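Have a look at the structure below before the remarks.
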Amino acid sequence: MKKVQVILNRLYPLEERKPAQIKLAFLLGSVVFLFMFLIQPFGKKPDTPALLLDSSYAGLLTFVSIIFVFFAIFPLFPNFFKEEKWTIGREAILTLIIIASIASANVLAGHFIWAIPLSIPNWLRMIFYTAVIGIAPAIISILLNQARLLKKYRKEVSQINNNLLPVTASSTIKSYPQESRDAKEAEPISDDLLTIEAENEKDNLVIRVHSFLAASSADNYVKVFYMQNAQLKTFILRTTLKKLEENALPFPMLFRCHRTALVNMAAVQNLSGSAQGYRLTIAHLPDEIPVSRNLNQVIKEKLAAIHP
């Protein structure tokens, strides 16, 4: 039982990009169409036009059902459908939701197109048929994909970590005394001062850019991590990562690696990999920071530039 729980708790990627979700729905709809047309799991039909029509209905209903889950169900439960918390177990739950959605679509189509009575037995029967066709391939695909991605990212991060210098030796993270949190109280502006602007312009944080470690967002607030007098400091201000990203434009080592985080690439101590992609270990910070999968190559290039 513990082994099953360990497997279910393994991290797994969640596709959150709408174009990719539409592409996935179209792909799965096409697979269902081909399966129904070529395999004919519910009996052979000599009438090719009728078979083609039924297979097309099945593929179209699959496509529409998956789109419904992505565009209607996802927004209703934003705290559940988060990649940071996404695991094989949650992916399995998503698979069951999709199966129930496809079955429901087929029951409704059967009622309105072929006048099949709406009933709970018919709905349960359709869920069973849909599960027989889809659940085994889906679970096998999830497990194989998780193992493939984990192996891929671990191999890549091993090669990258071999070239990373210790942060303490690279002289990129320094601690500066007497840093002011308000721009009005700050020292004269210099090239290495980072001003993080708050919405009210009164709670601006002004620090040396080399002491900045990372920033994470939560709702309309940003939590900034930085070093001061050899100690880790945090400061929360009302702003957005997008605004912070604009403030950080003069400093190429500051990079938004994820929709929830912006980091100092010179402070990266280690790179780890899971099926979700890369995760950054930042000097002095206890928690790893995720990297958006579409930024993997950019992360590698930035680390290579800092650690040639």
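Residue numbers for the sequence shown follow this note's numbering, so the first one is -19 and each next one is one higher.
In this text, a Cβ means the ideal position worked out from N, Cα and C, and glycines have one as well.
Model, not experiment: these values are computed from the prediction.
{"Item": "Cβ neighbour criterion (16 or more within 10 Å) applied to Val290", "Value": "Past the edges of the chain, shown from -19 to 288, lies residue 290, and the structure says nothing about it."}
{"Item": "Residues sharing a beta bridge with Arg259, DSSP", "Value": "Ser252 and Pro270"}
{"Item": "Beta-ladder partner(s) of Lys203, from DSSP", "Value": "Ser196 and Ile216"}
{"Item": "Three-state secondary structure assigned by DSSP to Thr67", "Value": "strand"}
{"Item": "For Glu(-5) and Ala127, the rounded distance between their alpha carbons", "Value": "17 Å"}
{"Item": "Straight-line Cα distance separating Gly257 from Arg273", "Value": "6 Å"}
{"Item": "C-alpha gap between Gly114 and Phe51, whole angstroms", "Value": "21 Å"}
{"Item": "N-terminal and C-terminal residue of the alpha helix (DSSP H) that Arg105 is part of", "Value": "Ile100 to Asn141"}
{"Item": "Three or more C-beta pairs below 8 Å linking the stretch 195 to 206 and the stretch 216 to 235", "Value": "yes"}
{"Item": "C-alpha gap between Tyr133 and Val(-14), whole angstroms", "Value": "20 Å"}
{"Item": "For Phe235: DSSP bridge partner residues", "Value": "Val243"}
{"Item": "Given 8 Å, three or more beta-carbon pairs between the stretch 11 to 21 and the stretch 37 to 55", "Value": "yes"}
{"Item": "For Ala149, three-class secondary structure by DSSP", "Value": "Residue confidence for Ala149 is low, a pLDDT of 38 falling below 50, so the modelled location carries little weight; the figure read from the coordinates is stated next. If DSSP states are grouped into helix, strand and coil, Ala149 belongs with the helices."}
{"Item": "Cβ neighbour criterion (16 or more within 10 Å) applied to Thr28", "Value": "exposed"}
{"Item": "Leu185, enclosing alpha helix (DSSP H) - first and last residue", "Value": "Leu185 -> not in any alpha helix (DSSP H); beta strand (DSSP E) instead, spanning Leu185 to Arg188."}
{"Item": "Nonlocal neighbours in the same chain, by C-beta distance under 6 Å from Thr110, ignoring five residues either side", "Value": "Ile79, Ile82 and Ala83"}
{"Item": "Alpha-carbon spacing of Leu8 relative to Ala118, whole angstroms", "Value": "11 Å"}
{"Item": "C-alpha gap between Phe48 and Ser35, whole angstroms", "Value": "20 Å"}
{"Item": "Status (buried if at least 16 other CB within 10 Å, exposed otherwise) for Ala30", "Value": "exposed"}
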